[in-house]
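Data block below; observations after.
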Amino acid sequence: MNSRKPRGSGRTPAVGKRGGPFQERDFQRQIGARKGAGRKGGPRRRDEPTPDFYDEAPRTRRTRRGKGAGAARAAEQNLGRIHHEDGERLQKVMAAAGVASRRVCEDLIAEGRVEVDGVIVTEPGLRVDPKTSVIRVDGISVQTDVAKQYLVFNKPRGVISTMVDPDGRPSIATYLKSGQEHLFHVGRLDNDTEGLLVLTNDGELANRLLHPSYEVPKTYLVQVKGPLPKGVSNQLRAGVELEDGPAKVDSFKLVDSTPGHVLVEVVLHSGKNRIVRRMFDAVGHPVERLVRVKIGPILLGDQKQGSVRVMNAQELGHLKAMVGL
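For the sequence shown, our numbering begins at 54 and goes up steadily by one.
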């Protein structure tokens, strides 16, 4: 017996068909996934920081260079204060942290672009303690404490934003390697929301990323039923009233559409629970699919769902600079 429903029965068209939801490739195209992007020798992803980001960052100097014997004595005293006799050479520590090769690090030091504990260093012979010394290149901090970990997780739909679920449902820990269970996630994504989560054991960074005063922007791709009236974008920019107070988006952009469905990009800095879904419910357009694609300078890019990667030095440096670390 043929159980196929006749036309007009109200059945939702298949993914990619006329009137059906967006295909996975539609989302991937919007988050910058291109063939070969991010791979060695492949094209650079759109919005990806250039490898030599230290040359792009603004140069800042906290200590003015003086002239004469007095300035020389002050410089020697400062170097004596930050020098650790049993430490490692500064350029070696920088190279191990992924700043650049040791030779390039020596050039950065000679150019006066490196500071240790607030003191500009121009000689590569300085020894520092990787666990305690604060090193900055062009004002961007360098992560030298190997005990701290910073990971980027692409959470699939249906995964609980917790390390352990008493009901046995898939959780973040399901996707981590042995020894990474002690990390905690920065913020949450509800069960049905996909995308970027930052995992770390750096409590200070996590607290600042979550604190509303730092206003770290978060970018989402939102699929809703279309067409979408122009007034909706104005409503969300102006703010809507929710049960826990008003909320608004920082920006709203239409990025794609198919018959019956619309894909938009919204940016906001609020970290309230289910904030994007509740805002779209308030304007009469419930969310069909939601993916977080960016937190501050951290991009999801072409990272596969369910995968975990180590945050690179450039991303971490810019992320810390955003929250004043």
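We treat Cβ as the ideally placed atom computed from N, Cα and C, and that holds for glycine.
In this structure residue 205 is buried. Its beta-carbon is surrounded by 16 or more other beta-carbon atoms within 10 angstroms.
Just measuring C-alpha positions, the residue of 351, 261 and 319 sitting nearest residue 286 is 319. Counting C-beta atoms within 10 angstroms of its own C-beta, residue 377 has fewer than 16 neighbours from the protein chains shown and is therefore classed as exposed. Counting every other CB atom within 10 Å of its CB across the protein chains shown gives residue 322 a total below 16, marking it as exposed.
When rounded, the separation of the alpha-carbon atoms in residue 340 and residue 195 is 39 Å. In the three-state reduction of the DSSP assignment, residue 342 falls in the strand class. Its Cα nearest to that of residue 241, the residue 208 stands out among 208, 254, 184 and 154. When DSSP states are grouped into helix, strand and coil, residue 374 belongs to the helix group. For residue 276, the beta-bridge partners assigned by DSSP are 316 and 342. Assigned with DSSP and collapsed to three states, residue 200 falls in coil, not helix or strand. DSSP, read as helix, strand or coil, puts residue 248 in strand. The beta carbon of residue 246 lies closer than 6 Å to those of 343 in the same chain, with the five residues before and after it left out.
Unbroken alpha helix (DSSP H) runs of no fewer than 4 residues, entirely contained in the segment 128–155, are found at 143–149, following chain order.
Closest option to residue 244, judged by alpha-carbon separation, among 141, 370, 367 and 345: 345. The Cβ-Cβ distance between residue 238 and residue 215 falls below 9 Å. Residue 181 counts as buried, since at least 16 other C-beta atoms from the protein chains shown sit within 10 angstroms of its C-beta. Burial of residue 373 is indicated by the presence of at least 16 other C-beta atoms within 10 angstroms of its C-beta. Residue 371 and residue 350 have their C-alpha atoms roughly 7 Å apart.
Per the C-alpha coordinates, the member of 279, 162 and 132 positioned closest to residue 146 is 162. Closest in alpha carbon position to residue 337, among 280, 357 and 308, is 280.
Between residue 170 and residue 187, the gap from beta carbon to beta carbon is short of 9 Å.
Under the DSSP definition of a beta bridge, residue 207 partners with 249. Within the model, the alpha-carbon separation for residue 301 versus residue 355 is close to 28 Å. With a cutoff of 9 Å on beta-carbon distance, residue 316 and residue 276 are scored as near each other. The secondary-structure analysis by DSSP pairs residue 169 across a beta bridge with 172 and 188. Per the C-alpha coordinates, the member of 185, 197 and 176 positioned closest to residue 132 is 176.
With at least 16 other beta carbons inside 10 angstroms of its own, residue 166 counts as buried.
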